[in-house]
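Notes follow once the structure below has been shown.
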Amino acid sequence: MNLIKSDIEIAQAALMKPIKEIGKKIGLGEDDLESFGKYKAKLSTDVLNRLSEKESGKLILVTAINPTPAGEGKSTVTVGLGDALNKLGKNAMVAMREPSLGPTMGLKGGAAGGGYSQVLPMEDINLHFTGDLHAITSANNALAALIDNHLQQGNELRIDQRRIVWKRALDLNDRALRKVIIGLGGPVQGVPREDGFDITVASEIMAVLCLATDLPDLKERLGKMVIAYNVDRKPVTVKDLGVEGALTLLLKEAVKPNLVQTIEHTPALIHGGPFANIAHGCNSVIATKAAVKLADYVVTEAGFGADLGAEKFLHIKARSAGIKPEAVVIVATVRALKMHGGLQKNELASEDIEALTSGFANLKKHVETIESFGLPFVVAINRFIADTDNELKVLSALCDQYEIPHAITEVWEKGGDGGVDLAKRVLGLIEMQESNFKPLYNLELPLEDKIKTIAQKVYGAINVDFSAKARKQLHEFAEHGWDQLPICMAKTQYSLSDDPKKLGRPESFIITIRELKPSIGAGFIVALTGDVMTMPGLPKSPAALKMDVNEKGQAIGLF
Numbered sequence: 304m305n306l307i308k309s310d311i312e313i314a315q316a317a318l319m320k321p322i323k324e325i326g327k328k329i330g331l332g333e334d335d336l337e338s339f340g341k342y343k344a345k346l347s348t349d350v351l352n353r354l355s356e357k358e359s360g361k362l363i364l365v366t367a368i369n370p371t372p373a374g375e376g377k378s379t380v381t382v383g384l385g386d387a388l389n390k391l392g393k394n395a396m397v398a399m400r401e402p403s404l405g406p407t408m409g410l411k412g413g414a415a416g417g418g419y420s421q422v423l424p425m426e427d428i429n430l431h432f433t434g435d436l437h438a439i440t441s442a443n444n445a446l447a448a449l450i451d452n453h454l455q456q457g458n459e460l461r462i463d464q465r466r467i468v469w470k471r472a473l474d475l476n477d478r479a480l481r482k483v484i485i486g487l488g489g490p491v492q493g494v495p496r497e498d499g500f501d502i503t504v505a506s507e508i509m510a511v512l513c514l515a516t517d518l519p520d521l522k523e524r525l526g527k528m529v530i531a532y533n534v535d536r537k538p539v540t541v542k543d544l545g546v547e548g549a550l551t552l553l554l555k556e557a558v559k560p561n562l563v564q565t566i567e568h569t570p571a572l573i574h575g576g577p578f579a580n581i582a583h584g585c586n587s588v589i590a591t592k593a594a595v596k597l598a599d600y601v602v603t604e605a606g607f608g609a610d611l612g613a614e615k616f617l618h619i620k621a622r623s624a625g626i627k628p629e630a631v632v633i634v635a636t637v638r639a640l641k642m643h644g645g646l647q648k649n650e651l652a653s654e655d656i657e658a659l660t661s662g663f664a665n666l667k668k669h670v671e672t673i674e675s676f677g678l679p680f681v682v683a684i685n686r687f688i689a690d691t692d693n694e695l696k697v698l699s700a701l702c703d704q705y706e707i708p709h710a711i712t713e714v715w716e717k718g719g720d721g722g723v724d725l726a727k728r729v730l731g732l733i734e735m736q737e738s739n740f741k742p743l744y745n746l747e748l749p750l751e752d753k754i755k756t757i758a759q760k761v762y763g764a765i766n767v768d769f770s771a772k773a774r775k776q777l778h779e780f781a782e783h784g785w786d787q788l789p790i791c792m793a794k795t796q797y798s799l800s801d802d803p804k805k806l807g808r809p810e811s812f813i814i815t816i817r818e819l820k821p822s823i824g825a826g827f828i829v830a831l832t833g834d835v836m837t838m839p840g841l842p843k844s845p846a847a848l849k850m851d852v853n854e855k856g857q858a859i860g861l862f
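To convert, take the position in the sequence shown, counting from 1, and add 303; that gives the numbering used here.
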């Protein structure tokens with residue numbers, strides 16, 4: 304008989320407090336909140352404006368090793384650390400991303416933390432929440448429809464229909480929509496052309512919303528988005544089309560951060576959800592900036608490993624928003640390190656010190672990356688039930704050998720109590736070590752050099768190979784004045800390289816840049832590597848197959 308409760312069983316048994324009580328803990332009154340039922344609310348525009356005058360608290364960034372199917376629990380540690388800080392008497396909250404329905408219905412099955420370190424209401428957060436992703440999808444597709452209508456109505460901007468770069472979007476994994484033909488059926492049905500779909504979290508509108516500082520900045524960024532090139536190969540923007548106001552209207556509520564709570568009633572702002580493998584992987588600037596005004600300590604996370612989410616947090620979000628973390632937590636597990644050492648998922652239940660020792664190289668590389676940014680850090684060894692005492696002892700000894708500060712966490716099982724040692728370590732770092740954060744590249748460098756810096760210093764590549772198309776784009780983007788922007792690498796999350804099968808710490812590899820994509824509204828250039836897709840497909844056995852709803856209307860199978 305299985306006595307271990309699932310995440311959703313734990314979440315459904317938890318007792319939530321009314322959201323107005325959660326707001327009161329951080330100094331917010333009822334007029335500061337726009338409620339979505341009893342347990343969810345958005346922060347009002349008035350309170351966001353008022354908070355700008357307050358002193359900022361300390362920001363703690365949670366990242367991880369390269370993820371594996373064994374799971375690392377980065378979001379779980381983020382929530383557990385926030386709870387642990389509150390247990391130590393600190394005024395703390397967490398700031399996280401919203402889950403996408405794509406991985407929720409596909410591979411992950413949910414993304415709201417786990418065990419006794421979850422954000423609630425877990426069912427709502429994993430499904431439609433407050434409608435932010437639907438608003439982003441609507442804005443994205445409204446723009447697509449307006450582009451095609453412009454072609455139909457005479458094409459005053461002389462858009463080259465072969466060079467329209469704006470795609471439609473859907474917040475689901477659907478490989479069949481990666482490339483489509485639209486406008487068939489005769490003159491009344493539109494102009495026939497090739498098109499495609501991105502997953503909503505890969506839409507530039509998601510990135511724009513998450514990097515905007517307020518509503519006027521959102522509108523300005525939307526206007527800068529490049530949608531196509533004209534017959535003279537000059538960029539055409541949303542502002543040229545004259546629809547930035549309409550898009551902002553569709554997003555005016557979605558731009559407000561969402562307030563919820565953890566199982567232990569720690570306040571949590573959950574807002575925005577760009578993927579870290581194909582976008583910048585961080586929650587919204589508005590939510591993060593609000594959180595550091597509302598609490599003395601804020602724990603936030605960046606998607607996937609330090610090679611993706613953390614690198615983009617530090618090179619894109621931190622630089623754009625004028626913020627910096629005071630400390631970094633790098634999450635690792637015995638299970639995942641054994642997979643990086645060569646084991647398969649079905650072999651993880653057995654103790655294997657050799658595989659663990661070999662896989663430790665992956666953790667060590669991520670440690671070196673965070674050190675290179677000048678940031679204090681601690682490794683959170685996220686304990687799983689099958690981990691043996693000997694394996695944990697060996698991993699701790701390896702960390703000691705390389706003078707890597709670490710703490711074993713048990714937040715999945717014990718909630719905040721299981722993260723107290725980690726919280727004490729983090730507080731000690733903040734008190735004793737100054738953050739000397741410095742980006743690894745200057746924005747004045749050419750795009751090619753910025754890409755090489757990330758590939759060599761963060762991934763460990765020996766070189767970068769640019770396709771003929773990418774080489775041509777480097778020249779064109781410089782002509783358009785886009786070469787002063789930061790880089791957002793689109794790369795597999797599973798490996799430091801661009802080959803998902805190369806686990807651990809691969810050596811002597813080359814990163815291949817197949818194409819560049821301008822995200823001028825977001826304020827970065829996307830460099831697509833390897834075979835990474837902006838519209839994922841579903842796995843052979845999607846998580847959706849295990850999902851249902853009972854007669855009381857409660858979800859089944861969300862983890």
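Glycine residues also receive a C-beta, built at the ideal position from the N, C-alpha and C atoms.
Does residue i come out as helix, strand or coil in the three-state DSSP assignment?
i           : result
residue 744 : coil
residue 720 : helix
residue 345 : strand
residue 357 : coil
residue 732 : helix
residue 421 : strand
residue 509 : helix
residue 322 : helix
residue 338 : strand
residue 642 : helix
residue 536 : coil
residue 500 : strand
residue 782 : helix
residue 551 : helix
residue 616 : helix
Between residue i and residue j, is the Cβ-Cβ spacing less than 8 Å?
i           : j           : result
residue 788 : residue 824 : no
residue 620 : residue 585 : yes
residue 480 : residue 499 : yes
residue 398 : residue 594 : yes
residue 607 : residue 796 : yes
residue 380 : residue 632 : yes
residue 790 : residue 820 : no
residue 502 : residue 838 : yes
residue 576 : residue 436 : yes
Could you spell out the range, first to last residue, of the alpha helix (DSSP H) harbouring residue i?
i           : result
residue 447 : 435-455
Answer with buried or exposed for residue i, where buried requires no fewer than 16 other C-beta atoms within 10 angstroms of its C-beta.
i           : result
residue 706 : exposed
residue 417 : buried
residue 587 : buried
residue 526 : buried
residue 392 : exposed
residue 313 : buried
residue 519 : exposed
residue 844 : exposed
residue 541 : buried
residue 465 : exposed
residue 852 : exposed
residue 349 : exposed
residue 630 : buried
residue 564 : buried
residue 693 : exposed
Could you pull the start and end residues of the beta strand (DSSP E) that residue i belongs to?
i           : result
residue 468 : Neither: residue 468 is in no beta strand (DSSP E) and is coded neither H nor E.
residue 565 : 561-565
residue 828 : 827-832
residue 820 : 813-822
residue 633 : 630-635
residue 791 : 790-793
Beta-carbon within less than 7 Å of residue i's beta-carbon, same chain only, minus the 5 sequence neighbours each way: which residues are those?
i           : result
residue 847 : 408
residue 675 : 743, 760
residue 469 : 446, 447, 450, 530, 531
residue 580 : 607, 611, 793, 794, 795, 796, 835
residue 713 : 686, 721
Tell me which residues share the same chain as residue i and place their Cβ nearer than 8 Å to its Cβ, disregarding the 5 neighbours each side in the sequence.
i           : result
residue 718 : 383, 386, 418, 419, 420, 566, 567
residue 356 : none
residue 689 : 638, 651, 652
Among residues of its own chain, excluding the 5 on either side of residue i, which ones have a beta-carbon nearer than 6 Å to its beta-carbon?
i           : result
residue 769 : 816
residue 590 : 398, 560, 572, 574
residue 443 : 472, 506, 508
residue 475 : 404, 405
residue 800 : 809, 812
residue 546 : 449
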